[in-house]
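**Q**
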Amino acid sequence: MVGVMVVVIVGAIFCALQSMRANRLLVSALWLAGTSALVALAIFVMGAPEVAVIELSVGAGLVTVLFVFAINVAGEEPIKLKPLVPRPLSIGLVALSILLLGWMGMPGLLSILQLNVTFSLPSAADFTRAFWEQRSLDVVAQIVLVFAGVLGVLGLLSDTETAGGSSEETQK
Amino acid sequence: MTFSAANVVAVGVLGLLGVGFYGLLATRNLIKVVVALQILVKSAILGLILAGYLRGQVVLGASLAITVIVADTIVAVIGLALAVQVRRKFGTLDLRSLSTLRR
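In the order they appear, the protein sequences are chains D and X.
In terms of the numbering used here, the first sequence opens at residue 25 and continues consecutively.
In terms of the numbering used here, the second sequence opens at residue 77 and continues consecutively.
Okay, here's the thing in structure tokens:
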């Protein structure tokens, strides 16, 4: 159990690192899909298969397709850019923040050891009740978010096209 | 001292958080910034599931994680549409050359 989890988590962190180190955007998006699949596997092992399915289909499927589409439209930038913050400084800052977080969470992490919990799958009826009845406000918020996203994308993608079209018409 | 699976997941949450922070600091490409945000949100989802599992409320953590996944997908869609439009209008994805505040 622990062995499986170690392999999955180490793989996820490795994929995330590779996606940040990759020079080509397309390669970066594919490593991100790998991270998403491994995180979904970890979630499944932890006893939340509903979330794992959604994470796998949305995170590794839909978002990857969107990335490939956007990179196809926007194009790769072949020049290797120097980062704005010096690399040693950014690595040091990140290491410091993670160390501080780990230090703050250390009592909690150690108390997890004493809890000695076992991973168990809740029944589907429990999840249905929690999702549709107890968290019904979240469902409403999700519907609003989806509509807001669709409207935002429509506005972003159609605005300049119509503006460009009208300017072309005026030039003629 | 032996590590339980929950400890391994907690280390994974911290690791993904670190990689996402580093990506936000080190990249200058607009699309790659969205990739770094995605990694950060994956760490948040894993943390929510872990917290719900440790408190014995797996279903609560799961329903919150689904909300986060929906919000994260919307953010990715809007960010990518923004990147495409920026590329069309300014001809570059470099954050430095988009900035109007010169050093």
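Cβ coordinates follow ideal geometry from the N, Cα and C atoms, glycine included.
Can you give me the Cβ contacts of L62 (chain D) inside the same chain, cut-off strictly under 7 Å, excluding the 5 residues immediately before and after it?
**A** If we look at L62 (chain D) and ignore the five residues flanking it on each side, its Cβ neighbours are V32, G35, A36 and C39.
**Q** If you draw a straight line from the alpha carbon of V30 (chain D) to that of M70 (chain D), how long is it in whole angstroms?
**A** Distance between the alpha carbons of V30 (chain D) and M70 (chain D): 13 Å.
**Q** Considering only residues of the same chain and omitting the five flanking positions on each side of I121 (chain X), which have a CB-CB separation below 6 Å?
**A** Excluding residues within five positions, the ones whose Cβ falls inside 6 Å are A141 and V144.
**Q** Do A138 (chain X) and G123 (chain X) have their CB atoms nearer than 8 Å?
**A** No, the pair does not count as a contact, with Cβ atoms beyond the cut-off.
**Q** Which chain D residues are close to F97 (chain X), counting only those with a beta carbon under 7 Å from its beta carbon?
**A** The answer, in chain order, is V118 and S121.
**Q** Looking only at C-alpha atoms, which of D:V177, D:G27, D:T59 and D:S135 sits nearest to T88 (chain D)?
**A** Minimum Cα distance to T88 (chain D) is reached at D:T59.
**Q** Should V89 (chain D) be listed as close to the ligand MG, given that the test is whether its C-beta is under 7 Å from any heavy atom?
**A** As far as ligands go, the structure on display features none, and thus does not contain the ligand MG.
**Q** So the alpha helix (DSSP H) M44 (chain D) belongs to, where does it begin and stop?
**A** It spans V26 to R45 - the alpha helix (DSSP H) in which M44 (chain D) sits, taken as one unbroken run.
**Q** In its own chain, which residues sit with a C-beta less than 7 Å from the C-beta of T152 (chain D), not counting the 5 before and 5 after it?
**A** So no residue of the chain qualifies.
**Q** What are the boundary residues of the alpha helix (DSSP H) that V109 (chain X) is part of?
**A** That run of the alpha helix (DSSP H) goes L106 to L130.
**Q** Given a threshold of 16 other Cβ atoms within 10 Å of its Cβ, counted over all protein chains shown, does N105 (chain X) qualify as buried or as exposed?
**A** When all chains shown are included, N105 (chain X) counts as buried.
**Q** Would you mind telling me which residues of chain X sit closer than 8 Å to V51 (chain D), beta carbon to beta carbon, in chain order?
**A** Near V51 (chain D) there are no residues of chain X at all, since even the closest Cβ is about 11 Å away, more than 8 Å.
**Q** Start and end of the alpha helix (DSSP H) containing T103 (chain X)?
**A** Unbroken run through T103 (chain X): none, as it is neither H nor E.
**Q** Between the stretch 152-175 of chain X and chain B, which residues of the former have CB atoms less than 7 Å from a CB of the latter, in chain order?
**A** No chain B is part of this structure, whose protein chains are labelled D and X.
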